[in-house]
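Data first, discussion second: the structure below is written as structure tokens.
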Amino acid sequence: MAKTESTLVNMLLTLLVIAVISGASLGYVYKLTKAPIEQAKAAKQQAAIKDVVPEFDNDPLAEAKTLQSEDGLELKMFPAKKAGELVGVAVETLTNNGFSGEIRIMVGMQPDGTIINYRVLDHKETPGLGSKMEEWFRPQAPKADATADQETSFAKWLYGIKASGGGNRSIVGMNPGKNKMIVSKDGGEVDAITAATISSRAFLDAVVRAYKTYAKEANLSTDAVSGATTKEGGKNYE
Amino acid sequence: MNNWKIFANGLLKENPTFTLLLGMCPTLGVTSSAGNGLGMGLATTFVLVMSNMVIALVKDFIPDKVRIPAFVVIIATFVSVVEMSMQAYLPSLFASLGLFIPLIVVNCIVLGRAEAFASKNNPFRSILDGLGMGLGFSMALTLLGSVREFLGSGKIFSLAIYPEDYGMLVFVLAPGAFLALGFLIAIINKLKAA
Amino acid sequence: MLKTFSIGGIHPAENKLSAQNPIATLDLPAQAIVMLAQHIGAPAEPVVQKGDIVKTGQLIAKASGFVSANIHAPVSGTIEKIDDVADASGYKRKAIFIKTDGDEWLETIDRTPDLKKEISLSPAEIIQRIADAGIVGMGGATFPTHIKLAPPPGKKCDILIINGVECEPYLTADHRVMLEKGDEIMVGIAILMKALSVNKAIIGIENNKPDAIAHLNKMAQAYQGISIMPLKVQYPQGGEKQLIDACIGRQVPSGKLPIEVGAVVQNIGTALAIYEAVQKNKPLIERVITVTGKSVSTPGNYLARIGTPMLSLIEASGGLPVDTGKIIGGGPMMGKALTSIDIPVTKGSSGLLIMPDREATRQPMQNCIRCAKCVSACPMGLEPYLLMVLSQKGIWDRAEEEKVMDCIECGSCSFTCPSQRPLLDHIRLGKNKVGQIMRSRTK
Amino acid sequence: MSVVMITIATLVVLGATAAVILYAAAQKFKVYEDPRIDQVEAVLPAANCGGCGFPGCRAFAEALVKADDISTLLCPVGGAAVMAQAAGILGKEAAATAPMVAVVRCNGNCDVRPKTNNYDGASSCAIAASLYGGDTGCSFGCLGLGDCVDACQFDAMYMDEKTGLPVIIEDKCVACGACVKACPKIIIQLRKKGPKSRRIFVSCVNKDKGGVARKACEVACIGCGKCEKVCPHGAITITNNLAYIDDEKCKLCRKCVEVCPTNAIHEINFPPRKEKTTEEKTEEAPAN
Amino acid sequence: MNKLTVSPSPHVHSGDSVKKNMYGVIIALMPALLASLWFFGVGALVVTLTSVAACLLFEFLIQKYLLNRAPSILDGSAIITGLLLAFNLPSNLPIALIIIGAAVSIGIGKMAFGGLGNNPFNPALVGRVFLLISFPVQMTSWPLPIASRMSYVDALTGATPLAVLKEGVKSGQSMAELTEKIPSSINLFLGNMGGSLGEVAAIALIIGLAYMLIRRIITWHIPVSVIATVLIFTGILHLVDPQQYVSPLFHLLTGGLLLGAIFMATDYVTSPMSHPGMIVFGVGIGVITVLIRVFGAYPEGVSFAILIMNAFTPLINKYIKPKAFGEVAKPVKA
Amino acid sequence: MTYALIVISAIFVNNVVLAQFLGICPFLGVSKRISTAIGMTGAVTFVMIIATLMTFLLQKLVLEPFEITYLQTISFILVIAALVQLVEIILKKISPPLYQALGVFLPLITTNCAILGVAIMVIQKNYNLVESVVFAGATALGFGLALITFAGIREQLDLVDLPKGMSGTPIALVVSGLLALAFMGFAGLV
Ligand SMILES: Cc1cc2nc3c(=O)[nH]c(=O)nc-3n(C[C@H](O)[C@H](O)[C@H](O)COP(=O)(O)O)c2cc1C
Ligand SMILES: Cc1cc2nc3c(=O)[nH]c(=O)nc-3n(C[C@H](O)[C@H](O)[C@H](O)COP(=O)(O)O)c2cc1C
Ligand SMILES: Cc1cc2nc3c(=O)[nH]c(=O)nc-3n(C[C@H](O)[C@H](O)[C@H](O)COP(=O)(O)O)c2cc1C
Ligand SMILES: Cc1cc2nc3c(=O)[nH]c(=O)nc-3n(C[C@H](O)[C@H](O)[C@H](O)CO)c2cc1C
Ligand code: SF4
Ligand code: SF4
Ligand code: SF4
Ligand code: SF4
Ligand code: FES
């Protein structure tokens, strides 16, 4: 079959036809996927909320409230209620002090600010270092400690694996209003991730920011917290 | 060339990654784990097969001068389809592949095959070619991803082989990507020569 | 601090074994083999035929072309033949063979030993006399001197520099000439000054020849405008660009001749030859040559006729040592290794260096470790390591950009390289090739 | 407006604008480039060896397109087939070329050409040649340092360790001439490959007088003139004490081979001769 | 008569060799090695021996079995790589990691390019940075000097002065508070502080420098320009705000600055060829070192600075040429 | 955020090639000679700035108002492809020397994912117009920095004898890896 010649009209026509077909199919696919995409986004948020607060029967997404933190960042608060009573809040918080870029965390608190759990939503920290925060600040599964102890001294000599620092890693059960939630290096109560102090500081910064913002909203005391973030004397990351 | 050869060509002889060195960005960018590599590979395969097919179908209607723009639009359409579907149904994979999904558009393999093969062959052969090339690409990405994931964090497809603390972190990061691919190609060249 | 040139340089072991041995006059050879190509430029044309009888000093071959030089009979006798003979490179070249039959000189030559001081000829006559006498640079390059003394139009010479550096290890001929022929040299310099119409001349001498410096200093009192400049010992100070830089601080630009900065450089031996030619009418038929080497039993300096076989020089110094591994015409840095000793003395032969076996061969070459020692050593500010690879890989355009043509082939780079790389071997080839390319471009 | 409509509209507008602008620009800023250059380049072998005398295949393609008469141009790698293709594209006549092959015109191996000194410089024929005549008495012969082998891009040469001479692998040689250019002694020459790859040539380039040459090398051509006399086709000439066989005139009768007192004349790919004992046998009809 | 040897000129050689230079450097490294043995005892010994042995072994294996060349492990360069790799590691680094480092240094840093003379990056530093990025935990735990002489992997650890400083400044402590925590200058000079094996004793490193300068193994250009740049740059910062920026002397004596400037920036293979080029190279190292130390994530930046400037070396070589003869021809009297 | 931080981040810390893996094909492809690397850098800088500008406007003036951001990929690539071709056509005519220097790289640029990548990234990062352009320019310079140093190393490696199996792509990748390793030192600078 002869090829279509390269005249202006032919060229235009071809491109137009292709554009129309492609546009139509794209529009169609868009329509098809629009709902699932939004669902997927919502599901992520909802799952995170579910993870960090006690069981609830309301729709926290519908009751969400946008708050302004002291330093002007926008945080989202999702109240979790059971039978109309507030059983916890999930606060989507963030920090810009990470090793590389923003870190977003969903922090779940009891109404008094005691931390129930957290979930790291988004971060760009180094895999294997900063990324450990996804698990680090939770209570250790007992099994992990056991294997750590079994690490023979030969393996240690050969490879230098240290029993993963037990200590005070977990922030669950702490209350930023009462505990000094900064890394132990800076005089606080939380042990930083080994070799990732920057990420740890940033993480705690975000958690404390969530608390402070929520506390202001709920009129809780913020005395103990005051010093927590001011020590971040370095410089602003992105 | 018989059909099997068309298909196998992309898998081995003209493997886009190891011999043609096309599409290097995703190759290096998403292979921090085997799973990501495979996901990216399959996404690319889909685009390759579909665009090859469509281009082979319509090639005779397209005037020479607008060949490239027309191909690009066709490819971009399929990429957008992949993009949206993945976002809808595989959100976590989409999150880890990030920017590299829309960048399939400029992946030289896709346009390259459209130009070099689909615009000269019938749809069936073009599909086979796309499939061969795509799977070759997927294979390479999965292999590289496995090597990096294994060396870097002691896992393959997230299955722990040895404790993560023993891994060489650098292989998960940018320099490790280059180094791993460099030595992989050297080894493959050596095997081929032998 | 003593002066020296400003870039690079090395200090090889001096080994001036024969410095204290006075110049001895060598017996006439039974047969003189006079090469027709003893200078830079076109070979001379024979003006004699087989069977002719010639007197010492008689013209036997005439300069052919602009850059060329006359050649005279070094002995008296019969022309045996004009035939091919292997030169120092093993290539066959034409030579005139003279069967010696005594030493009967042309009558026009003044053979008295008296010093003749006053210069009666005009500059043009001086240059003509030098051309007639077949004088070429005795410092190694054997460039016909009369051409050098006639600066191209528009260029003006304002200073004459006499090269008494003798920076090559082992060689001592110039040193002895300065000690023994001081007066004649002074007059020779005065003649050169007149020919170039300059009123200043500097004799550059390295500080390892204090006796020569003292001796010439004393003599120079009597001459207007001639001064002695002691220089720090540093190879290749004798290179003319380096010497000009050391003596008067002017640097000859890349690709240019010394006259560009108003200087002309002549060797000590050349000054002596000029004295003899101009004042005594004696053509260039003999020269001083050092025979030396660590195993040579009596190293010495000899006044030998052109055409004398090298073998007789070696015999005069106690014969060829049993451990001879390499024989070099000239010094160890720039001299040429000989394929055999069956070759005659030429106008450019400044020395014969016999190296023992153990020093004759090079060590195996290794990878370049980029230590930059060759770069530091190069007196021209080049990058020898790079020039070598470029000419190895045949990248001639870059070699030209990297100024390969500036290399003076001093060998400092090869000398220093800890990896024993044959830098100059390759660079020289690069120079040849790039030179060819440049010439074909101007054509 | 529905999503689909907006989508289509946007794409159409974008596409149309782009197309119109590009078309207008293409018309306004037209630059002519001969499309045949690409076509010709496509048929060339892309070895970029420079054997054609141009700095690469593309340059050669340009030259072919430009030239009125391409019969003097040749890609030695692709040979006549490729030239015919190129000629087809361009509608010009290609030169009919006889296949050529490189030959080594020196046979002075270590046994017949004794060493007179030890070379100790950089391992390169070009460097040795610019230094001196060589490590044997023959200042014309092969220096054995392998510049030619290094120059051959087609692996068609190797140095024979026993003889110290280069050897050409006929089947691989594409007659690009790189080795000819590389040899500082001009020992290698491209010659007609000949029928059944048979050819005869003088394997020596020594111009010294007979005695001198003979002393330096047992198999040197001494310029005795016997071959010149015996050749019935006038293919042999002797200049500067050296015989040369013109491959245009040589009819491969092999008479010269037998008369050469130093065996300097070589025959290649001929069937082995029947007994070479009697005088008559040598007079036999040429094996052509 | 024997057959004469014929070669192009020159016919004499200085007698210098690769081996002489390399063993010269090894000798120059000895004072620093002794100092680190004194401060870190057993750990230093184990790390150094493992590193050197592993480097030699990998060089041998790769040359013999992968490149099919005659092994030349005794030319000294692999020993230097081993020593300098060890000098850049903490003295409690476990054996397996040292071996990985040596494999990377020799395998990727050097042999992948064909061995001595071909590599664009400093092999020891390639190994070191590879380890640092792969095993940040192990690579940043520093044994205390003297106190932990008799122990190896279980040594007592503490921070390096630079790390103390970086942490301190980040968490907003004043310079006065910090100076209390930092060893005194004289201790820094003698090397009584935490850190990598070879970077602790300034005095020992300077002795090595003097030795190499006297034997003309290296020239002054690179070490001097690196050190001067760091002094000037940090000096300016210190003058601008002494509370925020520590004194230049501190920068000079801590971390790997001297080790890097004297032994690693000077590596022939990976540094520029011309003297002006060497100075540009040195200044570049100085500037990048200070940038990383003061503004970057890492407390120490010498290794990275050298590697980064290694990358620029070919460009420096291409564009910064040695001063050519006749370039600045003095004006001639007309 | 100041522009200086954007610039330092894009050139050193988050270098497109060495940290983000964009534009690897031309990085490996046109890095054999320093001079071509410089030409390529010029071409990329030019196209990247203009392309980012155009796509930014397209995004803000068309895609977002009409809520059709899912057309981002397809419309951006159209704009970039057309732009590159336009530049090529015009350059060829009005300045043959510039075309010789830059134009020959233009076809390579269409399939250079750095261009599209940057166009998409400035949208993701929520930059304003000036920030976007600064970011595009700095990214191109970062590309140039990596490309030119890399070309320098490759030119030097051309003059040495590499092990057989390593020459070509493997060594190029190893050098890139080491370059990336060195550039990690800039981490945290911003
Ligand atoms: C490639 C690389 C990635 C890193 N990523 C992180 C990170 O994600 N988070 C972090 O806090 N530190 C990270 N660091 C380490 C920091 O540079 C810094 O050394 C550390 O955070 C502070 O040290 P410390 O925790 O041992 O006190 C990284 C280091 C490297 C070499
Ligand atoms: C080809 C050539 C041309 C020369 N032309 C002149 C000239 O015109 N005038 C002049 O004074 N010297 C001329 N010279 C001589 C050089 O300046 C110089 O004296 C000679 O090459 C020997 O110097 P050298 O031993 O330092 O190399 C020429 C030399 C050569 C090789
Ligand atoms: C490296 C080098 C070293 C030289 N050494 C000397 C030397 O020691 N003495 C000398 O007279 N000429 C030496 N020359 C030759 C001079 O450059 C120059 O040709 C000579 O002095 C000119 O004088 P002439 O023409 O009278 O020979 C040397 C040349 C070179 C290139
Ligand atoms: C002065 C000098 C410094 C050296 N520095 C180093 C170094 O820092 N790292 C290293 O691996 N090798 C070093 N070497 C050894 C050797 O040059 C190096 O391994 C090469 O880079 C290998 O090609 C040095 C050698 C010398 C002479
Ligand atoms: S021989 Fe040439 S390159 Fe070598 S040092 Fe002398 S002038 Fe420089
Ligand atoms: S002296 Fe030798 S090893 Fe050193 S840079 Fe020059 S060539 Fe290379
Ligand atoms: S042998 Fe000579 S002519 Fe033949 S292919 Fe090789 S280089 Fe070319
Ligand atoms: S034929 Fe020529 S190039 Fe080849 S080895 Fe002999 S001399 Fe060298
Ligand atoms: S895939 Fe990114 S430039 Fe080719």
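Chains as they are written, first to last, in the UniProt record's numbering: chain A, 1 to 238; chain B, 1 to 194; chain C, 1 to 443; chain D, 1 to 288; chain E, 1 to 334; chain F, 1 to 190. Here a beta-carbon is modelled for each residue, glycine too, at the ideal position from N, C-alpha and C. Only a predicted model underlies this, so the values are computations on that prediction, with no experimental measurement involved.
First through last residue of the beta strand (DSSP E) which encompasses residue i
i, result
"Asn118(D)", "117-119"
"Asp122(A)", "115-122"
"Leu352(C)", "351-356"
"Glu166(C)", "Unbroken run through Glu166(C): none, as it is neither H nor E."
Pair within 8 Å by beta-carbon distance, residue i and residue j
i, j, result
"Val345(C)", "Thr308(C)", "yes"
"Ile186(D)", "Val205(D)", "yes"
"Phe56(F)", "Val130(F)", "no"
"Ser7(E)", "Leu125(E)", "no"
"Val246(E)", "Met193(E)", "no"
"Ala83(A)", "Asp59(A)", "no"
"Phe135(E)", "Leu97(E)", "yes"
Supposed contact pair residue j and residue i - C-beta distance, whole angstroms, cut 8 Å
i, j, result
"Val89(A)", "Met106(A)", "About 11 Å separates the two Cβ atoms, so there is no contact after all."
"Pro26(B)", "Leu103(B)", "7 Å"
"Pro161(E)", "Thr254(E)", "5 Å"
"Leu178(F)", "Phe121(E)", "5 Å"
"Met84(B)", "Thr33(A)", "4 Å"
Among the options, nearest to residue i - alpha-carbon criterion
i, options, result
"Pro322(E)", "Lys99(C), Cys374(C), Pro321(C), Ile369(C)", "Cys374(C)"
"Pro43(C)", "Phe66(C), Ala360(C), Ala24(C)", "Phe66(C)"
"Leu2(C)", "Met138(C), Pro230(C), Leu121(C), His39(C)", "Pro230(C)"
"Lys31(A)", "Pro35(D), Ala42(D), Met5(D), Gly15(D)", "Met5(D)"
"Phe415(C)", "Leu192(C), Pro332(C), Lys241(C)", "Pro332(C)"
"Ala88(B)", "Ala138(F), Phe150(F), Tyr70(F), Leu22(F)", "Tyr70(F)"
Residue span of the alpha helix (DSSP H) that contains residue i, given as start and end
i, result
"Tyr89(B)", "67-89"
- Message: By the 7 Å beta-carbon criterion, what residues does the segment 69-101 of chain B contribute toward chain A?
- Response: Correct list: Pro69, Ala70, Val73, Ile74, Thr77, Ser80, Val81, Met84, Ser85, Gln87, Ala88, Tyr89, Pro91.
- Item | Residues in the UniProt region "Hydrophobic" (1-26) of chain D having any Cβ partner in chain B nearer than 9 Å | Against chain B - using a Cβ distance shorter than 9 Å - the residues of the UniProt region "Hydrophobic" (1-26) of chain D are Leu11, Gly15, Ala18, Ala19, Leu22, Tyr23, Ala26.
- Query: Between the segment 73-106 of chain D and chain C, which residues of the former have a C-beta closer than 7 Å to a C-beta of the latter?
  - Reply: Listed by position along the chain: nothing, the set is empty.
- Item | Within 7 Å of chain A by C-beta, residues of the segment 261-277 of chain E in sequence order | Result list empty, no residue passes.
- Item | Proximal residues, the segment 44-66 of chain B versus chain D, C-beta separation under 9 Å | Those residues of the segment 44-66 of chain B placed with their C-beta closer than 9 Å to a C-beta in chain D are Lys65, Val66, ordered along the chain.
- Could you name the residues of the segment 158-183 of chain F whose beta carbon sits closer than 8 Å to any beta carbon of chain D, in the order they occur along the chain? Residues: none.
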